[in-house]
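Each remark here refers to the structure printed beneath this line.
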Amino acid sequence: MDLKKDFNEKIFAELYIKKHKKILRKLGHYYAKKLKNVGFSEGRIIDVGCGFGEMCMVLAEEIPGCEVVGVDLSKPLLDYARNSIHEGTIKKKVKFEMGNVEKMSFEDDSFDAVFNVNMVHCVSNPISMLNEIERILKPDGHLFIKDLRYSYLKVFEKEINNAFNIEQAKKMIGDSELREGAFSCSLLWWNFEV
Ligand SMILES: C[S@@+](CC[C@H](N)C(=O)[O-])C[C@H]1O[C@@H](n2cnc3c(N)ncnc32)[C@H](O)[C@@H]1O
Numbered sequence: 468m469d470l471k472k473d474f475n476e477k478i479f480a481e482l483y484i485k486k487h488k489k490i491l492r493k494l495g496h497y498y499a500k501k502l503k504n505v506g507f508s509e510g511r512i513i514d515v516g517c518g519f520g521e522m523c524m525v526l527a528e529e530i531p532g533c534e535v536v537g538v539d540l541s542k543p544l545l546d547y548a549r550n551s552i553h554e555g556t557i558k559k560k561v562k563f564e565m566g567n568v569e570k571m572s573f574e575d576d577s578f579d580a581v582f583n584v585n586m587v588h589c590v591s592n593p594i595s596m597l598n599e600i601e602r603i604l605k606p607d608g609h610l611f612i613k614d615l616r617y618s619y620l621k622v623f624e625k626e627i628n629n630a631f632n633i634e635q636a637k638k639m640i641g642d643s644e645l646r647e648g649a650f651s652c653s654l655l656w657w658n659f660e661v
């Protein structure tokens, strides 16, 4: 399965949006609440691998003083994301860019919060992406990485076949240049947060 190629196919992308819109919206609210709970009310946020942009939209709606950038390589998903930016204040706060998350064009230390969801098992070189995340995150920035974990649940969800197990995920975080953070997991996901 070539995920990079699949996400550039219109029908695959449309099905992906249909299947994941609700959960990504829910995750957006969950993360906005987490940021608000630590007093985050303004700053630059990036969603590294934003897909169809749902989380970026929710974060921009919920955090008053933020500016949100979403980066991805899929044209159909980015088209959808751009079309979902409506007029008004949100338009000034959200931007979607086509780019490779393994080598991003942003300056060092340029984001106050970085999100990376469902990406580690999708990119060709996850460690390059994690190192890039470390590079663009400010020293006192917030980081939220979440990915599917490999488990018996693959019987119900095919995508889990491509995921890393907990040991592999922990090793990858340890082998990368990411700063110290907290690793946690649930039945379906693993998380790394700073
Ligand atoms: C499973 S989706 C996750 C997207 C979004 N975070 C979500 O949860 O819906 C994987 C995404 O990775 C993107 N992708 C894969 N490799 C990439 C790369 N090297 N640079 C940028 N995006 C990439 C695909 O286009 C796709 O949107």
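Reading the sequence shown from the start, the letters are residues 468 to 661 in our numbering. All residues carry an ideal CB built from backbone N, CA and C; glycine is no exception. Bear in mind the structure is a predicted one, so any value in this text is a computation, not a measurement.
> Taking the alpha-carbon positions, what's the S591 to G516 distance?
Replying inline: 13 Å
>> DSSP three-state label for I633, please.
In response: helix
>> Taking its Cβ as the centre, do 16 or more other Cβ atoms sit within 10 Å of R616, making it buried, or is it exposed?
In response: buried
>> If I follow the unbroken beta strand (DSSP E) through M571, where does it start and stop?
In response: Counting along the chain, M571 falls outside any beta strand (DSSP E), and DSSP gives it neither H nor E.
>> Considering just the uninterrupted stretch of the beta strand (DSSP E) at E564, what are its terminal residues?
In response: V561 to M565
> For F659, is the beta carbon positioned less than 7 Å from some heavy atom of ligand 1?
Replying inline: no
>> Please state the DSSP three-state secondary structure of E660.
In response: strand
> Would you call the stretch 515 to 532 and the stretch 542 to 552 touching, i.e. three or more CB-CB distances under 8 Å?
Replying inline: yes
> Would you say V525 faces chain C, with C-beta separation under 8 Å as the test?
Replying inline: Absent from the structure: chain C. Only one protein chain is present.
> In the DSSP assignment, what are the bridge partners of A649?
Replying inline: E660
>> Can you check which of these residues, A499, K637 and V661, is closest to P593 by C-alpha distance?
In response: K637
> Distance, Cα to Cα, K559 vs Y619?
Replying inline: 44 Å
>> In the DSSP output, what is V535 paired with across the bridge?
In response: I512 and V561
>> Distance check for I627 and F582, CA to CA, integer angstroms please.
In response: 20 Å
> How many whole angstroms separate the CB atoms of A580 and L494, which I take to be in contact at a CB cut-off of 8 Å?
Replying inline: Contact doesn't hold; Cβ gap of about 14 Å is too wide.
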